[in-house]
Amino acid sequence: EAQVTQNPRYLITVTGKKLTVTCSQNMNHEYMSWYRQDPGLGLRQIYYSMNVEVTDKGDVPEGYKVSRKEKRNFPLILESPSPNQTSLYFCASSRWAQGNTGELFFGEGSRLTVL
Amino acid sequence: AQTVTQSQPEMSVQEAETVTLSCTYDTSENNYYLFWYKQPPSRQMILVIRQEAYKQQNATENRFSVNFQKAAKSFSLKISDSQLGDTAMYFCALSGGTSYGKLTFGQGTILTVHP
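Residue numbers (the working numbering), protein chains in the order written: chain A, 4 to 118; chain B, 29 to 143.
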């Protein structure tokens with residue numbers, strides 16, 4: 004089954020404790036991206052990657068890191084989480100063809116709470 | 029910078045009736061893509077419909093259609109014969125330009141379909 008898998012789905016942590024949210028897709032998609040969803044703000048792009056070893060900042064990259072060492076994986080790293088990073092996080096992937104992102108396939112979301 | 033604005037935080041409609049969700053956007057690019065995504069209470073993000081800016085014909089997917097007004101930078105979603113399963117948050121999104129990897133979402137509109 005084609006899917007994007009995120010882990011963990013729920014996490015409560017404390018300020019400053021490094022954490023990683025993993026994202027893996029099994030569709031051989033070139034493009035992967037991370038978003039955070041906050042009430043009244045919609046989804047905002049954190050980082051995206053158009054292929055292995057190619058990453059770029061979205062609109063809200065501060066406080067986050069990513070890496071793309073393998074095509075299928077795109078982990079989101081919070082080196083020193085703060086309460087303002089409490090949010091619902093989505094990973095998504097799509098084919099990258101003719102300079103265009105096609106339909107995005109989303110993971111099920113990761114609810115992160117930073118105390 | 030590209031922006032997407034959904035000015036209707038909430039909408040409601042009776043089952044079997046028609047409802048239109050509004051979306052305006054701003055971009056300096058000529059080639060771009062517009063999307064409507066649906067997020068039901070399960071939080072899963074589902075692509076509803078996609079429009080390529082260079083195509084003048086409005087996209088249609090079964091009960092869902094768009095009114096794409098390029099000059100006005102408007103991209104509304106019409107849902108005909110509304111069903112209870114249409115109850116969800118709907119997001120308008122824009123990608124394109126010199127950096128196709130950037131995908132900008134609107135704030136979302138919560139649609140409730142009443143029996």
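Where is the CB? At the ideal position from N, CA and C, for every residue including glycine.
Bear in mind the structure is a predicted one, so any value in this text is a computation, not a measurement.
Three-state secondary structure assigned by DSSP to A:Leu118 | coil
Members of the stretch 80-99 of chain A that neighbour chain B once the beta carbon cut-off is set at 9 Å = Leu91, Phe93, Ala95 and Trp99
Minimum Cβ-Cβ distance from A:Tyr50 to chain B less than 7 Å | no
Shorter than 7 Å from the beta carbon of B:Phe119 to some beta carbon of chain A?
-> yes
Reduced DSSP category for B:Leu105 - H, G, I as helix; E, B as strand; rest coil = It is a strand residue.
Roughly how many whole angstroms lie between the Cα atoms of B:Ser35 and B:Thr137?
-> 8 Å
Going by alpha carbons, who is nearest to A:Ser85 out of A:Thr116, A:Arg75 and A:Gln48?
-> Of the listed residues, the one whose Cα sits closest to A:Ser85 is A:Thr116.
Member of B:Glu89, B:Met73, B:Gln84 and B:Thr48 whose CA lies at the smallest distance from the CA of B:Leu105 | B:Thr48
Could you check how far apart the C-beta atoms of A:Lys72 and A:Ile80 are, in whole angstroms? I think they sit under 8 Å.
-> No, A:Lys72 and A:Ile80 are not in contact; Cβ-Cβ is about 12 Å, not under 8 Å.
Are B:Ile77 and B:Val94 touching if we call contact CB-CB under 7 Å?
-> With contacts defined as CB atoms closer than 7 Å, B:Ile77 and B:Val94 qualify as a contacting pair.
Distance between A:Met53 and A:Cys26 (C-alpha atoms, nearest Å) | Approximately 15 Å, taken between the alpha carbons.
Interface partners of B:Met39 on chain A, CB under 9 Å | Under the 9 Å cutoff, chain A gives no residues; its nearest Cβ is about 16 Å from B:Met39.
Using the rule of at least 16 other Cβ atoms within 10 Å of the residue's Cβ for burial, across every protein chain shown, is B:Tyr27 buried or exposed?
-> Not covered by the structure: residue 27 of chain B. The range shown for chain B is 29 to 143.
Alpha carbon to alpha carbon, how far is A:Trp99 from A:Thr18?
-> 36 Å
Below 7 Å between beta carbons: does that hold for B:Lys101 and B:Thr52?
-> yes
How many Å lie between B:Cys142 and B:Lys66 at the Cα?
-> One detail in the question is off: residue 142 of chain B reads as His in this sequence, not Cys. Distance between the alpha carbons of B:His142 and B:Lys66 is about 17 Å.
For a contact meaning CB atoms closer than 7 Å, what does A:Tyr13 contact in chain B?
-> Going along chain B, no residue has its Cβ under 7 Å from A:Tyr13, so there is no contact; the nearest lies around 12 Å.
C-beta atoms of A:Gly61 and A:Gln40 nearer than 7 Å | no
Just tell me which of A:His32, A:Met30, A:Val7 and A:Tyr34 has its CA closest to the CA of A:Val24.
-> A:Val7
What residues of chain A sit near B:Phe96, judged by a beta carbon separation below 9 Å?
-> Here the premise fails: no neighbours, minimum Cβ distance about 17 Å.
Bridge partners of B:Ala121, per DSSP?
-> B:Phe63 and B:Phe133
B:His142 bridges to which residues according to DSSP?
-> Paired residues: B:Gln42.
Helix, strand or coil for A:Asp62, going by three-state DSSP, please let me know.
-> coil
By Cβ distance, which residues of its chain are closer than 6 Å to B:Thr140, with the 5 residues on each side in sequence left out?
-> Ser40 and Thr115
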